[in-house]
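Notes follow once the structure below has been shown.
There are 2 protein chains.
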Amino acid sequence: MRPFKHPAASEFVLERVLYALSDPVRLEIVRRLAALGEASCSELDGGRPKSSVSHHFRVLRDAGLVCTRSAGTTHINSLRSEEMNARFPGLLEAILSQRE
Amino acid sequence: MRPFKHPAASEFVLERVLYALSDPVRLEIVRRLAALGEASCSELDGGRPKSSVSHHFRVLRDAGLVCTRSAGTTHINSLRSEEMNARFPGLLEAILSQRE
DNA sequence: TCTGTAGTTCGATAATATTCGAACAATGGA
DNA sequence: TCCATTGTTCGAATATTATCGAACTACAGA
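Sequence lines, in order, name chains L and B. Note that full-length UniProt numbering numbers the first sequence so that position 65 is 65, with each residue one more than the last. Note that full-length UniProt numbering numbers the second sequence so that position 21 is 21, with each residue one more than the last.
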């Protein structure tokens, strides 16, 4: 499996980040990633079909929010908090600190 | 013309706010509203058809971002900054302070 | 009352997203 | 090598959204 393309921080687009986080499934994934540090896809699927979850992870990756690396048969995901904070200071924390 | 329905701050939904701001046209409208304080629809239309602009304002109103009041034949729009800040502290500022 | 201005609403079309099953790829272990 | 696990990709169906012209409403002024 070829490695995923992760955009550079300079390529992050604000609208794309906001859009990625405007979906309840993806926002929940990001929230749990923030709490866990890192996690595999299946740990965050919430019982959803794999293809749907894979789609959401791709949106998150394309927006620059999530980094995915392979480790054996699983994919480990983590937030790109530092890079997101470098490009959009305070944004991620402002969103994730909101109570639902 | 019947008055618009503006949701109460307690009804604001984070995902809806993020979605409303994930569109370039709407984000620009909100940015300019933040700079101007208040403005009519036509001052913010960017040369777009009226029906399109009206649609975007409705999305912004429904999300709780914008308040619209009638003044004669024009509609005056303003940000609901205080209420947004009460419901989602720091969120709007964190988004609007980002450089494009 | 007539006219012009400001915006909304409706309806249709096009574009984009979401969802999910099925097939595929990659890895690790029996 | 065979098999189970993990996740991606493909394809199609569905749903949501954006866009814009046209018709309409409300208001102010001549």
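Cβ atoms here follow ideal geometry from the backbone N, Cα and C, with glycine treated the same way. Here the structure is a predicted model, which means the values were calculated and not measured.
Alpha carbon of G37(B) to alpha carbon of A71(B), nearest angstrom: 16 Å
When the Cα of P3(B) is compared with those of T68(B), R87(B), E100(B), which residue comes out closest? T68(B)
Is S22(B) buried or exposed, if buried means 16 or more other CB atoms sit within 10 Å of its CB? buried
Straight-line CA distance for P24(L) to A34(L)? 15 Å
Go through its chain and collect everything with a Cβ distance to residue 144(B)'s Cβ below 6 Å, but skip five positions before and after it. Because chain B spans 1 through 100 in this model, residue 144(B) falls outside it and cannot be assessed.
Nearest neighbour of S97(B), chosen from V17(B), S10(B), R31(B) [CA to CA]: R31(B)
Within 8 Å (strictly less), CB to CB, does P7(L) reach chain B? no
By DSSP, does R99(L) sit in helix, in strand, or in coil? coil
At a cut-off of 7 Å, is R32(L) close to the ligand COA when judged by its beta-carbon and the heavy atoms of the ligand? The ligand COA is absent from the structure shown, which contains no ligand whatsoever.
On the criterion of 16 or more Cβ atoms from any shown chain inside 10 Å, does R99(L) qualify as buried, or is it exposed? exposed
Opening and closing residue of the alpha helix (DSSP H) in which residue 104(L) lies: A question about residue 104(L) goes unanswered here, because the residues of chain L that appear run from 1 up to 100.
Residues bridged to T74(L) [DSSP beta-bridge criterion]: A71(L)
Just to make sure I have the definition right: I need the residues of chain B whose C-beta is within less than 7 Å of the C-beta of A94(L). Which are they? G90, L91, A94
Can you find a CB in chain L that lies within less than 8 Å of the CB of residue 110(B)? Since the first residue shown for chain B is 1 and the last is 100, residue 110(B) is missing from the structure and cannot be characterised.
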